[in-house]
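Remarks on the structure that follows.
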Amino acid sequence: MTEMPVSSAQLFGLCGAALIGIGLYGFIAHRHLLRRLVGFNVIGSGVFLLFGSTGYRRVELGADPVPQALVITGVVVAVSATALLVALIIRLAQLTGSARLPEESPGGGR
Amino acid sequence: MAFFEASEGPWPALLIGVPLLAAFTAIVTWRAARLLIWSGAAVVPVLSVVLLARVIHAGGLRLPIGGWAPPLGIAFAVDGLSAGFIVVTGLVMAGVLLFALPQFTASAPGAAESRAGYAFVPLVFLAWAALNALFLSGDLFNLYVALELLTLSAVALVAIDGRSGTIAAAIRYALFGLFGSLAYLLGAALLYAVHGTLDMALIAERATADGATVIAGALMTAGLAAKTALFPFHAWLPPAHSGAPAPASAILSGLVPKASFYIIVRIWFDVMPQAAGTIMPVLLGVLGSCAIIYGSVLAIRQEQLKLVIAYSTVAQLGYLFLIFPLAGGGGEPQPWAAGAWTGGIIHAFSHALAKAAMFLCAGLFMEALGHDRIAGLRGAAHHLPLTVFAFALAGVSLMGLPPSGGFTAKYLLLTASFAGGQIGWAIVIMVGGLLAALYLFRPLTYAFTRRGLEEREFARVPRPRQVIPLLLAGLSILLGIASAAPYDILQIGRPHAAVEGLE
Amino acid sequence: MMPLAFDLFLCGLVLAVAVAAVSGRELFGSIVFFIVYGLLMALAWVRLEAVDVALTEAAIGAGLTGLLLVGASARLRRLQAPEEETGSRKARAATAIACLSIAGLIGAAVLLLDPRAPGLAPMVDCSLAESGVGNPVTAVLLNFRAYDTLLESTVLLVALLGVWSLSDERSWGGHGGLRQYARPGGVLATFGRTLPAIGLIIGVYLVWAGSKQPGGAFQGGTVLAAVWLLMAVAGVADAPRVSNRLLRLGLVAGPALFLAIGMAGAMAGDFLRLPPEHAGNLILLIEAGLTVSVAVTLALLVVGPPQRDLPHGEPS
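Residue numbers (our numbering), protein chains in the order written: chain A, 3 to 112; chain B, 297 to 799; chain C, 12 to 327.
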């Protein structure tokens, strides 16, 4: 068996890092708040993937359950935050007719 | 700290359990809100003081939760710094809850439940539980969960009055805050991956300045700095804090940013001082200085009182970050050790009390006048003498005039910067004090002007409510008069880096 | 070589779908890609031997979050909020470069990690017998680090309080505004009558099995929430009023029970201590409470703030 250039754990870790970058782009570049929320969730799942991948380094010892438990906690926290933001965004749209923050709307701002 | 104390029974847990119980009860039945506020405001500060007494007696506490010691489990880690913050939190929260009682609870036994009234009480108690949990925690991931609990309740408190402007401010706050939490979590994940534990004391024993640790520290600091509204991440704070109802603003400005700041201090002084390098402390100091100048200048230009106070928060939070370059500076010539570190923390305490008092005063002005334009404050000293006096006292502390907590803090920071030869920071501190005087003089001058007494323009505000901000501001002054006590308390469990500085 | 090749393929797929989710032109398309992304991530978690996480990611990360986003985009479309993007190409390019650098920095940190570090798996295995359960993830969540889970259950509550506080003043106390789409006799109505029973069994089983196999309160609770939401959307059940006392009790029951057990331990010496001989039963008890509260809270988070009391099918 030849030496692998990168282990499974490192591969998923790098994938997580890439996802953080992709999500960050969505979070910063878009003006529409729901799209920023999608970006935020991609960042979150990237962080979780990176965290979980570090538990897979010594495969023969079994996967480390602590990062897994913490990721589950993180997912629940993330959905709570997403739900609150969704409600805020909908309320903003009900009151102002736009799903963008005021100074970022075309023609908006004070 | 690497010692274990024999089981202290329920003490630390009660500080979290009692506010949580109050919150659960308030969720189920709104009618109990008055009773809950009175009991909570009475019981939890007492518990906080008891905890402080135990910490002084034992020299610090480190308790495994559930009987599982780190690295497998989580530990309560309580030293002088934690206990001090918990006591200050208790005092501010009690004051805010009692102040908010007429605004958010049933005015008569048969009154209908209102939307904001229902949500306010449990949100405040949950924020209180989150703050206590945060200050008691010795585990990096546990800090993350407590921080998220705090951030979400703070966001909900910002949005509670439902106007479109504040909803937008709440969304902006949420975006910054949740992004900051993710950056922090990523850093914590990296630290776990390197050291195999999330316990701060254990990591401190094992930490070296290797690449992954430094990156983790940088990520965590960046995320937490965004939550502490450090320049240039400050844009979310003024609209959010000025748009929230006054009692909520008191909590938001007085306590919430201190929590993320506390974690930054823990990370750099307790967990990884050797990884600090020379750039990071100076960078934080520079950004803090920018915050002081920028926040103060913008505060001078505001026409609405709550915006002045909110921009003042941006500026005052900047002072806190000066402890990073100043810590350990020239310790030998001074008769006291760890001057800058202690000074920064005392500044945090005193600002919490004074800023909460200020926002409550602003709330009283709004109730009396119906608006918060500074120009409309003419003659306020005649009709609301207690409130104006409280506002002035709080201003004394914010400006750093003796004898106040703010003065003690600035004095410690100034002497540290002169002793260490870092004059630049001293200039910033002094300029900041002058600018604070400028932005506070305007409302005070208006308040003290005499004009035709037009009683009808001021609605009556009951005296007991005016006493609360006066008490809080008085405590902030007391912190300066009796400054030996907080100084000694903070030395309990003080990290080495506070004396020697970050390398 | 085979596993690594599969992992490479999976990662490539995940990244491609993520890029589609983040950069698509249309909001709804981007949300759909996000749900697919969540399901692919669940596969990645299975590859990392984290089946509990895979279940959670599929149920909450892809399912519930996707539901929240789809519902939000539908509501925004009814409110006719504009969807087009603005922004210069140069700004977007600069942002992309900045994000690439940050991703690179984090990737460098990943590669700097010691590939032979053991983590806490051996320690967990040693103490697993005392923990009262056979699933190490459940042991960590509900025994070794139960304090985190207690706080996490209150995070859900805070979010719900925030959501509820966003209603109109007039609508306070009313029903949540979940639109009902079902034609009587149609597919949705039929599913709404047949699936709940199956879902209920699966949800309860997931919780009960979580002691020895992957599963647990959060996964099971999410399935139960989904069952209830399905019934509400199909017109079989109704969203309760926010002022309903029983509903509010259900919300706090889980965290309150958890806290009570924790404080009982504190009075006896250690906060949240579960004595080994009772730990298994106590954990099941806590999980039962948490399942109820998680299910109710998650369902209500999707339903949203109380709306006006309007006839079926007409909330705004």
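Every residue gets a Cβ at the ideal spot worked out from N, C-alpha and C, and that includes glycine. All of these numbers come straight from a predicted model, not from anything done at the bench.
Interface criterion met: the Cβ of Tyr488/B is under 8 Å from a Cβ in chain A. Taking each of Gln598/B, Ile467/B and Ser608/B in turn and checking the Cα distance to Ile92/A, the smallest one comes out for Ile467/B. Per DSSP, Pro360/B is one residue of the beta strand (DSSP E) stretching across Leu357 to Pro360.
Annotation for Phe320/B: the continuous alpha helix (DSSP H) segment containing it runs Trp307 to Val324. Identification of chain B residues near Leu86/A by a Cβ-Cβ cut-off of 8 Å yields Leu448, Val451, Ala452 and Ala470, ordered along the chain. Interface with chain C (8 Å Cβ-Cβ cutoff): Arg38/A is excluded. Neighbours of Trp364/B across chain C, judged by C-beta separation under 7 Å: Phe155. Using a Cβ-Cβ cut-off of 7 Å, Arg93/A is close to Ile463 of chain B, given in chain order. For Phe744/B, the uninterrupted alpha helix (DSSP H) run begins and ends at Ile719 to Phe744, by DSSP.
Taking every protein chain shown into account, the CB of Ser477/B has 16 or more other CB atoms within 10 angstroms, so this residue is buried.
In terms of Cα proximity to Leu66/C, the closest of Pro67/A, Ile74/A and Ser47/A is Ile74/A. Of the candidates His792/B, Pro760/B and Gly770/B, Pro760/B places its Cα closest to the Cα of Ala396/B.
Put simply, of Leu257/C, Leu296/C and Gly291/C the residue whose alpha carbon is nearest the alpha carbon of Ala271/C is Leu296/C. Excluding sequence positions up to five before and after Pro315/B, its CB lies within less than 8 Å of the CB of Gly336, Val340, Phe421, Leu422, Trp424, Ala425 and Asn428, all in the same chain and listed in chain order. Looking only at Gln96/A, Leu94/A and Leu86/A, the smallest Cα-Cα distance to Leu168/C is reached by Leu86/A. Residue contact check for Leu51/A against chain B: no CB pair falls below 8 Å.
Under the 8 Å Cβ criterion, the segment 238–252 of chain C counts as touching the segment 203–215 of chain C, having at least three qualifying pairs. Secondary structure note for Ala373/B: its beta strand (DSSP E) is the uninterrupted segment Ala371 to Val374. Excluding the 5 residues flanking it on each side, Pro69/A has same chain C-beta neighbours closer than 8 Å at Phe53, Gly54, Thr56 and Gly57, in chain order. For the segment 16–42 of chain C, residues whose beta-carbon sits nearer than 8 Å to a beta-carbon of chain A comprise Asp18, Leu19, Cys22, Val25, Leu26, Ala29, Val30, Ala32, Val33, Ser34, Leu38, Ser41 and Ile42.
DSSP places Gln600/B within a strand segment (E or B) once states are collapsed to three. DSSP lists no bridge partner for His678/B. Within 10 angstroms of the beta-carbon of Arg88/C lie fewer than 16 other beta-carbons, which makes it exposed. Unbroken alpha helix (DSSP H) runs of no fewer than 4 residues, entirely contained in the segment 645–695 of chain B, are found at 676–679 and 681–695, following chain order. The segment 469–484 of chain B makes contact with the segment 507–518 of chain B; the number of CB pairs closer than 8 Å reaches 3 or more. Residues of the same chain with a CB within less than 7 Å of the CB of Pro782/B, apart from the 5 flanking positions on each side, are Gly380, Ile642, Phe645 and Leu775 in chain order. Contact annotation: in the segment 103–117 of chain C, residues whose CB is within less than 7 Å of a CB in chain A are Arg103, Thr106, Ala107, Cys110, Leu111, Ile113, Ala114 and Ile117.
Within the model, the alpha-carbon separation for Ile559/B versus Phe282/C is close to 23 Å.
Under the Cβ criterion (8 Å, minimum of three pairs), the segment 766–773 of chain B counts as touching the segment 649–658 of chain B. For the segment 406–434 of chain B, the set of positions with a beta-carbon nearer than 9 Å to some beta-carbon of chain C reads Ala408, Glu409, Ser410, Arg411, Ala412, Tyr414, Ala415, Phe416, Pro418, Leu419, Leu422, Ala423, Ala425, Ala426, Ala429 and Ser433 in chain order.
Between Val561/B and Ala587/B, the gap from beta carbon to beta carbon reaches 8 Å or more.
For the segment 673–698 of chain B, no residue has a beta-carbon sitting nearer than 8 Å to a beta-carbon of chain C. The beta carbon of Leu26/C is closer than 6 Å to none in its chain, skipping five residues each way along the sequence. Taking 8 Å as the threshold, the shortest C-beta distance from Tyr48/C to chain B does not fall below it. Segment contact: the segment 132–147 of chain C against the segment 496–516 of chain B, fewer than three CB-CB distances shorter than 8 Å; contact not assigned. Fully enclosed alpha helix (DSSP H) runs of no fewer than 4 residues are not present anywhere in the segment 441–476 of chain B.
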